[in-house]
Every structure is written in structure tokens, then in C-alpha cells.
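Student: Residue numbers (my numbering), protein chains in the order written: chain A, 1 to 163; chain B, 164 to 326.
For each residue, glycine too, the CB sits at the ideal point set by N, CA and C.
No experiment lies behind these values; they were computed from the predicted model shown.
Right, I'll just put the structure down here and ask away after.
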């Protein structure tokens with residue numbers, strides 16, 4: 001009987017663990033959505049260090065019309081150039097957020113609006129879309145491993161790399 | 164002693180399961196890399212139906228300079244237009260492939276080369292990068308949920324939506 005009880009308790013623990021994992025996935029989605037929105041606020045505030053800190057040490061940003069940027073220094077330099085534009089205003093919001101069942105990998109997809117001044121000093125507005133891949137860190141927070149975006153507007157148009 | 168044996172056996176099963184899961188992740192990475200390469204071959208062969216079949220029913224492709232394309236019909240139409248270009252030649256290869264610990268979600272990142280004829284009939288070559296998010300289906304195969312790409316070349320340049 002002791003053995004049967006132990007088996008029963010084992011199954012009970014497995015069932016509860018399985019349920020708890022599903023609850024965590026919903027929590028992970030909410031946390032990841034929040035991380036994406038917080039990243040947008042940091043970018044809007046021209047906080048270059050905060051923007052860079054959201055990316056992992058080996059993470060990459062893939063802007064249009066320029067090669068892939070990998071690592072903190074390349075990303076910091078790019079963000080610094082972009083936010084220094086006198087007309088800079090950037091915002092985005094996720095429309096799709098999902099995570100793996102294991103809660104270690106997730107992605108956000110959404111739309112952005114970027115306002116900058118072109119080379120002639122004229123204000124231009126770009127609108128587009130993005131996909132960001134995130135990894136949950138050992139501390140439980142989410143960080144960017146790959147971020148890519150492009151414009152919805154027809155060519156020729158403004159893109160974040162054209163300043 | 165029986166109880167202790169059962170506990171020992173339980174831990175042994177957990178340890179073996181944990182190891183087996185890690186082995187599966189390597190297998191998943193290989194399968195996902197292969198799925199991405201196969202998708203490139205299908206695109207190169209101008210196989211519009213095969214290209215569309217690689218995407219889930221609600222999956223999206225996010226090309227530059229056009230709004231997001233969601234669902235089979237929109238993707239089929241876009242792929243049909245692109246492959247009909249007389250100069251069409253497309254290839255890509257993944258440089259980074261990773262999956263979640265649970266093996267249900269993964270992504271590929273890589274580089275592409277697209278050759279088409281512009282509106283004047285002149286051959287142009289675009290080179291760029293992409294991020295594709297994949298979901299493992301119930302049958303074990305991987306399908307695309309989001310695919311986004313953009314050019315490495317400075318503006319103004321050719322992009323897949325400019326024909």
C-alpha cells in the first residue's frame with residue numbers, strides 16, 4: 001500500500017506541476033509583452049544605455065539597408081546615431097506575443113512609427129513592422145537575441161538607417 | 164526498502180528523460196536547419212504551392228515596403244508575383260538556428276540573395292538578412308509562423324517588393 005500511495009502522490013505532483021507550467025506560460029507571455037513595451041519606452045526616451053542593456057551580450061539588431069549589428073558596442077553606436085537625429089521620435093507596440101512551452105524562448109511581433117529629420121532637415125515619418133526573438137535569462141528577465149524590422153511604405157522611403 | 168528503491172528508480176527515470184530531452188533538442192536544431200534549407204530550395208524552384216505550404220494557416224510573411232501578409236492566400240499571391248519576374252533567382256541559408264528546451268518553438272537567422280529584373284528590365288541583385296520563427300506541428304514537422312527580411316544594401320536599392 002505504501003508503494004501504491006507513493007505512486008499516487010507522484011502522479012499528483014506531476015499533474016500539479018503540469019498545471020503550474022501552463023499557468024507560468026501565461027505569466028511568461030505577459031512578462032514578455034511588458035518587456036517589449038518597456039524597451040519601446042527606453043528607446044523613446046533616447047536612453048541608449050537602457051536600449052543596449054535589453055540585448056544579450058551576443059545579441060543582434062538587423063536594421064534595413066545596413067549589415068547585421070552584433071554585440072553591445074555595434075548596437076550602442078547605432079542607437080546613439082539614431083537618437084541623435086534632431087527629429088527623432090520612436091514608438092512600437094507588440095500585436096503578437098508567444099513563448100515556448102518551456103518558457104525559455106519567446107517572440108514579439110508588432111508595428112512601429114519612427115519620425116526623424118532627413119538630410120535636408122525635413123521631418124519624415126516611417127511606419128513598419130518588426131519581429132523580436134527573446135531569451136529568458138537566468139534571473140528570470142527577458143533579453144533580446146535578434147531584432148529585425150522593415151518599412152510598410154513603398155520605396156523610395158525613409159528607413160531608420162537613412163539619416 | 165521498496166519505497167527507497169521506487170524513489171531511486173523515479174530519479175533515474177527523471178535523469179534519463181532529462182538527458183533524452185537534450186538529445187532531442189540537437190535533433191530539433193538539425194531538423195529546423197534542414198526545414199529552412201528545404202524551404203529555400205522550394206523558393207528557388209519557383210514552387211509557389213510548396214512555398215506557401217511551409218507556412219502555418221495563420222502564418223505571416225513581412226516583406227519590406229509592403230504591409231504584413233497573413234494567411235495562405237496573401238502569401239500565395241505575393242510568392243506568385245515574385246517568382247513570375249523574368250529575372251527571378253532566390254536563395255538563402257541559415258547562419259543561426261536555435262530551438263526552445265521544449266522543442267516546440269524555434270528560429271532561423273541567415274542571409275539571402277535575390278536577383279530580379281527591375282521595371283526597365285535590367286537585372287538587379289539584392290542581398291540581405293532574415294529572421295524566421297517556426298512552430299513544430301503535431302506531426303513533428305516545422306512550419307513558419309513569422310518570416311521577415313530586409314536588405315543590407317543602402318537606399319535606394321532593390322527589395323523583393325519592388326518589381
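Taking the straight line between their C-alpha atoms, what separation do you get for residue 100 (chain A) and residue 269 (chain B)?
Tutor: As a working mapping, residue 100 (chain A) is identified with position 100 in the first chain. As a working mapping, residue 269 (chain B) is identified with position 106 in the second chain. Distance between the alpha carbons of residue 100 (chain A) and residue 269 (chain B): 8 Å.
Student: Applying the 10 Å Cβ sphere with the 16-neighbour rule, what's the burial state of residue 279 (chain B)?
Tutor: One-based indexing of the second chain puts residue 279 (chain B) at position 116. Buried, since its Cβ has 16 or more Cβ neighbours within 10 Å.
Student: Taking the C-alpha atoms as reference points, what is the distance between residue 27 (chain A) and residue 295 (chain B)?
Tutor: Along the first chain, one-based indexing puts residue 27 (chain A) at 27. Along the second chain, one-based indexing puts residue 295 (chain B) at 132. If I take the Cα positions, the gap works out to 24 Å.
Student: Alpha carbons only, please: which of B:217, B:239 and B:253 is nearest the one belonging to residue 299 (chain B)?
Tutor: As a working note, residue 299 (chain B) is residue 136 in the second chain. Comparing Cα-Cα distances from residue 299 (chain B) to each of B:217, B:239 and B:253, the minimum goes to B:217.
Student: Which residue comes first and which comes last in the alpha helix (DSSP H) that contains residue 214 (chain B)?
Tutor: Numbered from its first residue, the second chain carries residue 214 (chain B) at position 51. Where residue 214 (chain B) is concerned, the enclosing alpha helix (DSSP H) starts and stops at 211–216.
Student: Distance check for residue 125 (chain A) and residue 118 (chain A), CA to CA, integer angstroms please.
Tutor: Here residue 118 (chain A) refers to the residue found at position 118 when the first chain is read from its first residue. Here residue 125 (chain A) refers to the residue found at position 125 when the first chain is read from its first residue. So the alpha carbons of these two residues sit roughly 10 Å apart.
Student: Could you tell me if residue 162 (chain A) is buried or exposed, where buried requires 16 or more neighbouring beta carbons within 10 angstroms of its beta carbon?
Tutor: Counted from its first residue, the first chain places residue 162 (chain A) at position 162. In this prediction, residue 162 (chain A) scores a pLDDT of 43, lower than 50, which makes its location untrustworthy; no coordinate-derived value is stated.
Student: If we require 3 or more residues per run, which beta strand (DSSP E) segments fall completely within the region 35–104 of chain A?
Tutor: 55–62 and 89–99
Student: Note the first and the last residue of the continuous beta strand (DSSP E) segment covering residue 122 (chain A).
Tutor: Within the first chain, the letter at position 122 stands for residue 122 (chain A). No beta strand (DSSP E) contains residue 122 (chain A), which DSSP labels as neither H nor E.
Student: If we define contact as Cβ-Cβ less than 8 Å, is residue 8 (chain A) a contact residue for chain B?
Tutor: Within the first chain, the letter at position 8 stands for residue 8 (chain A). It does not; no Cβ of chain B falls within 8 Å.
Student: Look at the alpha carbon of residue 261 (chain B) and the alpha carbon of residue 122 (chain A), and state the distance between them as a whole number of angstroms.
Tutor: For this step, residue 261 (chain B) is matched to residue 98 along the second chain. For this step, residue 122 (chain A) is matched to residue 122 along the first chain. Rounded to the nearest angstrom, the two C-alpha atoms are 42 Å apart.
Student: With DSSP as the reference, identify every bridge partner of residue 273 (chain B), one or two as the case may be.
Tutor: If you number the second chain from 1, residue 273 (chain B) lands on position 110. For residue 273 (chain B), which the question treats as bridged, DSSP gives the partners B:257 and B:293.
Student: Using a C-beta to C-beta distance shorter than 7 Å, which residues of chain A count as neighbours of residue 277 (chain B)?
Tutor: On the second chain, position 114 is the one that residue 277 (chain B) refers to. Under the 7 Å cutoff, chain A gives no residues; its nearest Cβ is about 14 Å from residue 277 (chain B).
Student: Can you pull the chain B residues whose beta carbon is under 7 Å from the beta carbon of residue 109 (chain A), in chain order?
Tutor: Along the first chain, read from residue 1 onward, the residue named residue 109 (chain A) stands at position 109. One finds 309 in chain B with Cβ atoms closer than 7 Å to the Cβ of residue 109 (chain A), taken in chain order.
Student: Does the CB of residue 32 (chain A) have a neighbour CB from chain B at under 8 Å?
Tutor: Numbered from its first residue, the first chain carries residue 32 (chain A) at position 32. Not an interface residue.
Student: Whole angstroms are fine: how far does the CA of residue 243 (chain B) sit from the CA of residue 311 (chain B)?
Tutor: On the second chain, residue 311 (chain B) is found 148 positions in, with the first residue counted as 1. On the second chain, residue 243 (chain B) is found 80 positions in, with the first residue counted as 1. When rounded, the distance between both Cα atoms is 18 Å.
Student: DSSP three-state label for residue 150 (chain A), please.
Tutor: Position 150 of the first chain, counting from 1, holds the residue named residue 150 (chain A). Residue 150 (chain A): strand per DSSP, three-state reduction.
Student: Quick check: what's the CA-CA separation for residue 87 (chain A) versus residue 68 (chain A)?
Tutor: Working through the first chain from its first residue, we reach residue 87 (chain A) at position 87. Working through the first chain from its first residue, we reach residue 68 (chain A) at position 68. Roughly 24 Å separates the two Cα atoms.
Student: Would a check of beta-carbon distances place residue 216 (chain B) closer than 8 Å to chain A?
Tutor: Along the second chain, one-based indexing puts residue 216 (chain B) at 53. Taking Cβ atoms only, chain A never reaches closer than 8 Å to residue 216 (chain B), which makes this a no.
Student: What residues of chain B sit near residue 83 (chain A), judged by a beta carbon separation below 7 Å?
Tutor: For the purposes of this step, residue 83 (chain A) is taken as the residue at position 83 of the first chain. Those within 7 Å of residue 83 (chain A) in chain B number zero; the least Cβ separation is about 20 Å.
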